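A short worksheet on the structure shown next.
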Amino acid sequence: MNRRRFLTVSAAAAASLYTGCLQHPGRSYSFILEPVPDAVEHVTVAVEPWHDVAGAPDEDVVVHGERWFDDGSYVDLSTGFYSVEVEQTGEREMERQVLAAQEVEETEEAVDVDSYSLEYDRKRVDVACHGAVEDRLPPAGDTPSQLVIRRPPEHTELLPEPLYPVVRRRDSDCRLEVETRDVEEPEYTHGFTEVAEDREGFLEHVEARYVIDLDAADLSDDEREVLEQAKDEGYTMQGEAPEPFRSLRNRLDLQSEHRLLMYEGDLYSYRVD
Numbered sequence: 040m041n042r043r044r045f046l047t048v049s050a051a052a053a054a055s056l057y058t059g060c061l062q063h064p065g066r067s068y069s070f071i072l073e074p075v076p077d078a079v080e081h082v083t084v085a086v087e088p089w090h091d092v093a094g095a096p097d098e099d100v101v102v103h104g105e106r107w108f109d110d111g112s113y114v115d116l117s118t119g120f121y122s123v124e125v126e127q128t129g130e131r132e133m134e135r136q137v138l139a140a141q142e143v144e145e146t147e148e149a150v151d152v153d154s155y156s157l158e159y160d161r162k163r164v165d166v167a168c169h170g171a172v173e174d175r176l177p178p179a180g181d182t183p184s185q186l187v188i189r190r191p192p193e194h195t196e197l198l199p200e201p202l203y204p205v206v207r208r209r210d211s212d213c214r215l216e217v218e219t220r221d222v223e224e225p226e227y228t229h230g231f232t233e234v235a236e237d238r239e240g241f242l243e244h245v246e247a248r249y250v251i252d253l254d255a256a257d258l259s260d261d262e263r264e265v266l267e268q269a270k271d272e273g274y275t276m277q278g279e280a281p282e283p284f285r286s287l288r289n290r291l292d293l294q295s296e297h298r299l300l301m302y303e304g305d306l307y308s309y310r311v312d
């Protein structure tokens, strides 16, 4: 079976399964539209300062420890817009800086975990303290990925040493330290394919591939009412889904990674639960 036929059959099967779900008498459903001010920003993912992919990558970029981007995502580089292909291509033992924690007696020195201004840091501090308090930290040779500090010092408050060395998580105090450990890191290879040279060209790509255009003139009064409710406070229902909702749902692409809808000149992202 060729890929196009496989995708067609898969989509048809998914639609058939969902139609069956819509007829379930005890289920609740929702349809929500949220305004999208900028389609390009909505679809692309951020390129962080420590992502060494400036310009047009002539070769694959290999990263150890974490994916910089998800497979199939889009990035805006200085020379154009690119789609990214990511796959794990191996493993390698590497020397890494790791956040370690030890439970200590209650002290006035402790500050709340939220004192760290970056969410990235707060998540690692929370994981480290939870492991220390619950006695769940593994031995040094088996460091969980969440404790490896993968940001350069200028983009984290944990390096070179934790800005707040003692933190309070719930009712327990923990002392934080940064240790150097050998860590088995996965290797991810990132490939980049140019999609458009400029913003205008990329917007055309997004509109052609992801945006579903609904013309109010082609809809019934009941279908327009569903859309208006979805725009305002969200359209919800209980029991068997009514025909206007089912008709609109059949016009949408629930298999798309970017669910975008143009209605009366405005762009929305849509969610159907």
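The sequence shown begins at 40 in the numbering used here and counts up by one. Think of the CB as a built atom: it goes at the ideal place given N, C-alpha and C, for glycine as much as any other residue. Just so we're clear, the structure is a prediction, and the values are computed from it rather than from any experiment.
- Within the DSSP secondary-structure output, PHE120 pairs in a beta bridge with ASP115 and ALA235.
- For ASP292, there is no enclosing beta strand (DSSP E), since its DSSP letter is neither H nor E.
- Scanning SER67, TYR68 and GLU73 for the CA closest to the CA of LEU299 turns up GLU73.
- The C-beta separation of VAL100 from HIS229 comes to about 4 Å, placing the pair in contact by the 8 Å criterion.
- PHE231 sits away from VAL86, with the two beta carbons spaced by 9 Å or more.
- Boundaries for LEU266: no beta strand (DSSP E) harbours it, while the alpha helix (DSSP H) harbouring it runs 260 to 271, taken from the DSSP string.
- LEU138 is a Cβ neighbour of GLU216, given a cutoff of 9 Å.
- Beta-bridge partners of GLU142 (DSSP): CYS213.
- Looking at the backbone, the Cα of PRO199 and that of HIS81 are separated by about 34 Å.
- In the DSSP annotation of this structure, the continuous segment of the alpha helix (DSSP H) that includes HIS169 starts and ends at 158 to 172.
- ARG263 and ASP305 have their C-alpha atoms spaced approximately 14 Å apart.
- Cα atoms of ASN289 and ARG214: separation of roughly 55 Å, rounded to the nearest angstrom.
- In the DSSP annotation of this structure, the continuous segment of the beta strand (DSSP E) that includes HIS103 starts and ends at 100 to 103.
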